[in-house]
Amino acid sequence: MSAAPDLPLPQVIGIDLGGTAIKLGRFAQDGTCLASLSVATPQPATPHAVIEAMVDAIAQIDPDRQCQAIGIGTPGPVDVSGRISTVAINLHNWRDVPLADWLEAKTDLPVVLANDANCAGLGEAWLGAGQHFSNLILLTLGTGVGGAVILDGNLFVGHMGTAAELGLITLNIDGPPCNSGNYGSLEQYVSVQAIRRRTGLEPAQLGALAKVGDIDALTFWQQYGKELGAGLASLIYVLTPEAIIIGGGVSASAEFFFPSIHAEIECRVLPSSRTGLKILTAKLGNQAGIVGAAKLAWNRLEEEN
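Each residue of the sequence shown is one higher than the one before, starting from -5 at the first, in our numbering.
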């Protein structure tokens, strides 16, 4: 009797949709990345042009059509059902785009969407710095400040799908105006743009100066950690996470501002609200988005089965 042929392992595709690049990964259920691909985002990045680019890239990364679902991280808010990209930063004419419906019609695969910061949080929770915790916060310190909240192992998006805009909490009621309409949001103190505005330098330059002992750079990072720690204190009181994971480009200089984060949290937060709290740097870097999008797809498959 001949042996039964091996069945192909179930797989999904995770997609990180950005203004300049569309990154894709094909993943097994244990998180193994079986293939990856990056293609340029069409310019102008209109919805139909982006869809066609995605369809072509999906055919390249899954030529044998082994994948069972697609997860997508988009640069902006998504409706609570994970079907509609309501706004996408740096994409052209992108309002209330039924991205899941359109891509399902093109691929015959179930599709689910989430905000890109939420995908990064899912990725870190699944395979990165947060994989040993059920309750965590991710903060991405980049051009803006994104956030994600994982509660009891599940991504928290709120009843409208737009929760966890952690960078938009108020740090100073009289602070600089924010694109959100807020004033003095955390983003206005700890994002890359805020660092440029306040110092005239890039975070990497300030990190390099701190490494050689430049007093001004070291003083800046100490104040930076103090302000970030004050913002995190508010989040800790609300969410009491087991871990806070700091990602994004600014996290490359974590060694210079983590000590003042810890000091600020210790003086602002009651011990009962921070018992055992870990503050960690993210591990997955630029891959967090596709990893989290893949996890989003696996989650959707599990819900359907």
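For each residue, glycine too, the CB sits at the ideal point set by N, CA and C.
Exposed unless 16 or more other CB atoms sit within 10 angstroms - verdict on residue i
i     : result
N112  : buried
Q281  : buried
C61   : buried
N173  : exposed
T26   : exposed
P197  : buried
Y218  : buried
S179  : buried
L11   : buried
A(-2) : The predicted position of A(-2) is uncertain, since its pLDDT is 41 and thus under 50; no value can be drawn from it.
Y231  : exposed
E296  : exposed
P71   : buried
A53   : exposed
G207  : exposed
Residue range of the unbroken beta strand (DSSP E) whose run includes residue i
i    : result
I189 : No beta strand (DSSP E) holds I189; the alpha helix (DSSP H) holding it covers 186 to 193.
I16  : 15 to 22
T68  : 61 to 68
N109 : 105 to 109
V91  : 89 to 91
Q5   : 5 to 11
I284 : Where I284 is concerned, there is no enclosing beta strand (DSSP E), although the alpha helix (DSSP H) it sits in stretches over 282 to 298.
Residue of the options minimising C-alpha distance to residue i
i    : options                : result
L236 : G67, A29, A22, G124    : Checking the sequence, you will find Glu at residue 236 rather than Leu. The residue with the shortest Cα to Cα distance from E236 is G124.
Y177 : Q187, N166, V184, V186 : N166
P38  : G13, L28, D50          : G13
L160 : P170, N148, G169, G115 : G115
E181 : A43, R192, I163        : I163
I83  : G152, G175, T137       : T137
I304 : D50, P36, P253, S128   : An answer regarding residue 304 cannot be provided, because it is not within the stretch -5 to 299 covered by the chain.
G169 : L149, R192, G152, H153 : R192
K100 : Q187, P36, V44, K277   : V44
S245 : R268, V206, G279, G175 : G279
M48  : T35, P57, R59          : T35
Integer-rounded CB distance, given that residue j should sit under 8 Å from residue i
i    : j    : result
L121 : R77  : Rounded, the Cβ-Cβ distance is 26 Å, inconsistent with contact.
G201 : S247 : 4 Å
D95  : T68  : The Cβ separation is near 14 Å, so there is no contact.
I16  : I9   : 7 Å
A119 : R294 : With 8 Å as the limit, A119 and R294 do not qualify as a contact, their Cβ atoms being about 16 Å apart.
I189 : L222 : Contact doesn't hold; Cβ gap of about 11 Å is too wide.
W292 : F250 : Contact flag wrong, Cβ pair sits at about 37 Å.
L31  : I66  : With 8 Å as the limit, L31 and I66 do not qualify as a contact, their Cβ atoms being about 14 Å apart.
P41  : V81  : Not quite, the Cβ-Cβ distance comes to about 12 Å (not below 8 Å), so this is no contact.
V184 : L135 : 6 Å
Alpha helix (DSSP H) segment containing residue i, residue limits
i    : result
V232 : 209 to 233
I331 : In this structure the chain extends from -5 to 299, so residue 331 is not present and cannot be described.
V44  : 41 to 55
query = Is there contact here, the segment 16 to 25 with the segment 270 to 285, by at least three beta-carbon pairs under 8 Å?
reply = Touching, yes.
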